[in-house]
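Student: The structure under discussion is supplied below as structure tokens; questions concerning it will follow.
Protein chains in written order, with the working numbering: chain W, 99 to 346; chain Z, 1061 to 1311.
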């Protein structure tokens, strides 16, 4: 359970009950808990969305739900989108990796972050109200579970050790299998078989997008894993009306 | 009366008839007129919205109003919001936060913060009841500029130099009262529900200010801008459910 709290602290800005410094080993191992943290965020976001939909106009409700996802995550994965595009715009390779470390955003990175955010809003608002809860839950849970898988599949780009090299080391095959199994159960429970298809398709697309990025950068970094998480989340929401309607 | 022109020149890009340098005490005292200038900005975008109503859908008009607000204000408050997001949401020390507020670079939190705020503003404008959009823009404009006056007067400032200091030094309690009266006048068209809008604006101002004071020892000009943007969106969001209550209104 301690690993769950560490992962919760890493992936969210929710108040953490952990009062002592977290060891690097514990941080690395927490990667196994990413799917359950995803499900926790997903449940909170679904609850908030239901509340917003009840009280407010759909246009405001969708905006506030998207804002909630960003706020709960502390914009962690959107920051990944911005930094990744910064790095790619700087030409990839070692220069790109150095650019990604720079806290200043380039105009390409800013534009990418903006577009992902607006697309997420447009995707959410186009989902019929009865399907929104299932779609949101699968999107948030599946995209966080997918981080575990992308850490497992792709090499780490930087030569020096960091948070991400620890997460990479601990994203072992048994942990990935258990994590994906749990995420699959949850997505299936929330949206049935179509939920599984949705999670697999969105995660698969994110992983495919990771391939050219890994070639340009010589591997992936934490920022890129975050960016792929955003891609998976967005893709799930975009495809949800189609998949859930046909499947349901 | 030159105070209103000083406020207009500071808060907007509307061409100013003032042809002389502005004195520091004038700047501080011009804050009395902030709510009036806010109401004027709201009225202008409201009229734009009204003029476009026969030809454009509500989504496009709402987007146009979001853009017009940024243009009219020269993105003054949005700039403050972006710098504030970078400074307040980073994992760092109070000293470093103050340095980031000074830094002109844009970081990820600034981009995400501005994008999220603009998105929410757009959503709130789309939702406004079609026959009350103008009075909603006026209320949001006036209350958001009033929020800055309230924050300047009621909370400590971070630095003993700069714009925030200049404003605070010359702002008196009676000025805040006058500004508050002007803000109250601007929500009269909303009817009794306007009271709830004032409460919402005040609560958001207090929440933002206290949150900031937990991270840095005082407020700065950038933080005031951020408060203005947050209150503007908050009032716009609150307007629709409050008007749905059906409380007595003058219209």
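Quick reminder that beta carbons are idealized off the backbone N, C-alpha and C, glycines included. On a predicted model such as this, the values are computed, not experimentally measured, just so you know.
DSSP three-state label for residue 1267 (chain Z), please.
Tutor: Residue 1267 (chain Z) falls in the helix class under three-state DSSP.
Student: With a cut-off of 8 Å, do at least 3 Cβ pairs link the segment 246-261 of chain W to the segment 301-310 of chain W?
Tutor: yes
Student: Between residue 1254 (chain Z) and chain W, is there a C-beta pair that is closer than 7 Å?
Tutor: no
Student: With burial defined as no fewer than 16 other Cβ atoms inside 10 Å of the residue's Cβ, what is the status of residue 1248 (chain Z): buried or exposed?
Tutor: exposed
Student: Quick test of the definition: if touching needs 3 or more C-beta pairs under 8 Å, does the segment 265-281 of chain W touch the segment 121-135 of chain W?
Tutor: yes
Student: Cβ closer than 8 Å: which chain Z residues qualify as neighbours of residue 226 (chain W)?
Tutor: None at all; the shortest Cβ gap to chain Z is about 18 Å.
Student: In whole angstroms, what separates the C-alpha of residue 277 (chain W) from that of residue 297 (chain W)?
Tutor: 13 Å
Student: Hey, is residue 1179 (chain Z)'s beta-carbon within less than 7 Å of any beta-carbon in chain W?
Tutor: yes
Student: What residues in its chain sit with their C-beta under 7 Å from that of residue 188 (chain W), if we drop five residues either side in the sequence?
Tutor: 194, 197
Student: Kindly list, in the order they appear in chain W, the residues whose Cβ is closer than 7 Å to that of residue 1169 (chain Z).
Tutor: Neighbours of residue 1169 (chain Z) on chain W, chain order: 173.
Student: Name the chain W residues whose beta carbon is nearer than 8 Å to that of residue 1057 (chain Z)?
Tutor: Residue 1057 (chain Z) is absent from the structure shown; chain Z starts at 1061 and stops at 1311.
Student: Expressed to the nearest angstrom, what Euclidean distance is found between the alpha-carbon atoms of residue 220 (chain W) and residue 282 (chain W)?
Tutor: 26 Å
Student: Beta carbons nearer than 9 Å to chain W: which residues of the segment 1183-1214 of chain Z have them?
Tutor: Taking 9 Å as the Cβ-Cβ cut-off, the segment 1183-1214 of chain Z approaches chain W at 1183, 1184, 1185, 1186, 1187, 1188, given in chain order.
Student: With a Cβ-Cβ cutoff of 7 Å, do residue 215 (chain W) and residue 1175 (chain Z) count as a contact?
Tutor: yes
Student: Cβ of residue 1297 (chain Z) versus every heavy atom of the ligand SAM: is any distance shorter than 6 Å?
Tutor: Although the ligand SAM was asked about, the structure shown includes no ligands whatsoever.
Student: Please check the pair residue 1239 (chain Z) and residue 1276 (chain Z), which I expect to be a contact at CB under 8 Å, by giving their CB distance rounded to whole angstroms.
Tutor: Going by Cβ atoms, the distance from residue 1239 (chain Z) to residue 1276 (chain Z) rounds to 25 Å, so no, they are not a contact pair.
Student: How is the alpha helix (DSSP H) around residue 131 (chain W) delimited, first residue to last?
Tutor: No alpha helix (DSSP H) holds residue 131 (chain W); DSSP gives it neither H nor E.
Student: Note the first and the last residue of the continuous alpha helix (DSSP H) segment covering residue 331 (chain W).
Tutor: 320-345
Student: If you run the structure through DSSP and keep just helix, strand and coil, what is residue 1167 (chain Z)?
Tutor: Looking at residue 1167 (chain Z) - three-state DSSP - the assignment turns out to be strand.
Student: For residue 1175 (chain Z), would you say it is in contact with chain W, using Cβ-to-Cβ distances shorter than 7 Å as the test?
Tutor: yes
Student: Shorter than 7 Å from the beta carbon of residue 165 (chain W) to some beta carbon of chain Z?
Tutor: yes
Student: Please determine if the segment 1084-1099 of chain Z and the segment 1214-1234 of chain Z are in contact, where contact requires at least 3 C-beta pairs separated by less than 8 Å.
Tutor: yes
Student: Please check if any C-beta of chain W sits within less than 7 Å of the C-beta of residue 1165 (chain Z).
Tutor: yes
Student: Roughly how many angstroms separate the alpha carbons of residue 176 (chain W) and residue 1077 (chain Z), rounded to a whole number?
Tutor: 44 Å
Student: For residue 1166 (chain Z), which option in Z:1117, Z:1072, Z:1139 has the closest C-alpha, if you only look at C-alpha atoms?
Tutor: When each option's Cα is compared against that of residue 1166 (chain Z), the closest is Z:1139.
Student: Checking 7 Å against the spacing of the C-beta atoms, do residue 304 (chain W) and residue 244 (chain W) come in under that value?
Tutor: Result yes, Cβ atoms of residue 304 (chain W) and residue 244 (chain W) sit closer than 7 Å.
Student: Within the 7 Å Cβ cut-off, does residue 321 (chain W) reach chain Z?
Tutor: no
Student: CB-CB under 8 Å to residue 1152 (chain Z), same chain, minus the five flanking residues each way: which ones, in chain order?
Tutor: Closer than 8 Å at the Cβ level, and outside the excluded window around residue 1152 (chain Z), lie 1160.
Student: Thinking C-beta only, is residue 1272 (chain Z) closer than 7 Å to residue 1283 (chain Z)?
Tutor: Cβ distance < 7 Å, so residue 1283 (chain Z) and residue 1272 (chain Z) count as in contact.
Student: Just checking: is the beta-carbon of residue 1287 (chain Z) within a distance shorter than 7 Å of some beta-carbon in chain W?
Tutor: Closer than 7 Å: no.
Student: So, are the CB atoms of residue 1106 (chain Z) and residue 157 (chain W) less than 7 Å apart?
Tutor: In terms of Cβ geometry, residue 1106 (chain Z) and residue 157 (chain W) do not form a close pair [threshold 7 Å].
Student: Pull up the DSSP beta-bridge partners for residue 232 (chain W), would you.
Tutor: Its beta-bridge partners do not exist; DSSP assigns none.
Student: Can you pull the chain W residues whose beta carbon is under 8 Å from the beta carbon of residue 1149 (chain Z), in chain order?
Tutor: 172, 173
Student: Find the residues of chain Z that neighbour residue 168 (chain W), judging by a C-beta separation of less than 8 Å, and give them in chain order.
Tutor: Simply 1172, 1176.
Student: Do you know whose CA, among W:290, W:134, W:103, W:126, lies nearest residue 320 (chain W)'s CA?
Tutor: Nearest C-alpha to residue 320 (chain W): W:126.
Student: Compute the Euclidean distance between the alpha carbons of residue 199 (chain W) and residue 260 (chain W), then round it to the nearest angstrom.
Tutor: Rounded to the nearest angstrom, the two C-alpha atoms are 12 Å apart.
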